[in-house]
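**Q** Here our numbering is used: position 164 in the sequence shown is 1540, and no number is missing along the way.
Ideal placement from N, C-alpha and C gives every residue a C-beta, glycine not left out.
This structure is a prediction, so every number in the text was calculated from the model and none was measured.
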Amino acid sequence: MVVEDRIERARELYENAVFAGDGGALAAAERTLDAVEADLALARGRVLHARFLEEEVEDPRELGLFERAAELYRALGDVRGEGEALFWVGCLHQVIRADNNTAAPAFARARQLATEAGDKMTLSYVLRHLAFTEQAAGRLDQARQWMEESTRLRREIGFLPGVAANLVGLGYLAADAGRPDQALALVDEATAVAESAGAHGVLRWAEEARTDLQPA
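(1) Mind checking His-1425: buried by the 16 CB within 10 Å criterion, or exposed?
(2) Counting pairs of Cβ atoms below 8 Å between the stretch 1413 to 1427 and the stretch 1441 to 1452, do you hit three or more?
(3) Can you give me the C-alpha to C-alpha distance between Arg-1437 and Leu-1402, rounded to a whole angstrom?
(4) Measuring only the C-alpha atoms, how far is Tyr-1449 from Arg-1387?
(5) In angstroms, rounded to a whole number, what distance separates the CA positions of Glu-1430 and Leu-1562?
(6) For a test of the three-state rule: what should DSSP assign to Pro-1591, helix, strand or coil?
(7) Ignoring anything shorter than 4 residues, give me the alpha helix (DSSP H) runs that lie fully in the stretch 1424 to 1475, in order along the chain.
(8) With distance defined between alpha-carbon atoms, name the residue in Ala-1393, Ala-1550 and Ala-1411 nearest to Glu-1380.
(9) Please look up how many angstroms separate the CB atoms of Ala-1585 and Ala-1540, rounded, as I've assumed it's under 8 Å.
(10) Among the residues of its own chain, which have a CB less than 7 Å from the CB of Ala-1461, if the five just before and after it don't count?
(11) How far does the alpha helix (DSSP H) with Val-1378 in it extend, from its first residue to its last?
(12) With Gly-1397 as the anchor, note down where its alpha helix (DSSP H) starts and where it stops.
(13) Using only alpha-carbon positions, find the residue among Pro-1537, Tyr-1501 and Gln-1521 that is nearest to Glu-1510.
(14) Would you mind giving the Cβ-Cβ distance between Leu-1529 and Leu-1560, rounded to the nearest angstrom? I have them listed as a contact below 8 Å.
(15) Does the beta-carbon of Gly-1421 have 16 or more other beta-carbons within 10 angstroms, so that it is buried, or is it exposed?
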């Protein structure tokens, strides 16, 4: 149910309570509006995260929004929503605060919930960021496996900008493993996929990677 439908449903439940004397409608209305609040908190948190990627300044509201969304989804029994919100909690700790240890339990729970819900998009994000954790720890084989599995899921659901982003990541992993030719080939593939998807932001990442990975 989209936000507009949920708000309309809450209005109908209000009318049922007031005009039809349905006392149980009020609790249902509150649950419906909790779902709206969770959706809004998650969406606002994502916008703040995108602003961080642009400006590199953490907004102090971001973590609270993701944690509130996770709390509300959990209370509602929304497994998919809770998994997505917890991924973003982990992402904030990893990307903004460079704290993989704090990110780890959020990623682990998000992976479990996304798998349970069949949410391949969120699972692809979790696996991508687990790959970054493994790469930072020097466990390159495991990092490559997670990134490849994330890429497979993204191809399966047609998320081409995400495929291109992962190919850039795989390029860096290949370079770290001492395979420069494979690294540049992966960046070339990332460029082609990003161009086909109109993913201009990922194209910039690919160009940066190409510069980074050129032999000295």
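**A** Taking the structure as given:
(1) Burial state of His-1425 is buried, judged by a 10 Å Cβ sphere holding 16 or more other Cβ atoms.
(2) yes
(3) Spanning the two alpha carbons is a distance of roughly 30 Å.
(4) So the alpha carbons of these two residues sit roughly 21 Å apart.
(5) 25 Å
(6) coil
(7) Given a length threshold of 4 residues, each whole run of the alpha helix (DSSP H) inside the stretch 1424 to 1475 is given here in chain order: 1438 to 1452 and 1455 to 1467.
(8) The residue from Ala-1393, Ala-1550 and Ala-1411 with its alpha-carbon nearest to that of Glu-1380 is Ala-1411.
(9) Wrong, their Cβ atoms sit about 11 Å apart, outside the cutoff.
(10) Leu-1418, Phe-1442, Ala-1445, Ala-1446 and Tyr-1449
(11) Element bounds for Val-1378: n/a, residue is neither H nor E.
(12) Counting along the chain, no alpha helix (DSSP H) covers Gly-1397, and no H or E run does either.
(13) Looking only at Pro-1537, Tyr-1501 and Gln-1521, the smallest Cα-Cα distance to Glu-1510 is reached by Gln-1521.
(14) No, Leu-1529 and Leu-1560 are not in contact; Cβ-Cβ is about 25 Å, not under 8 Å.
(15) buried
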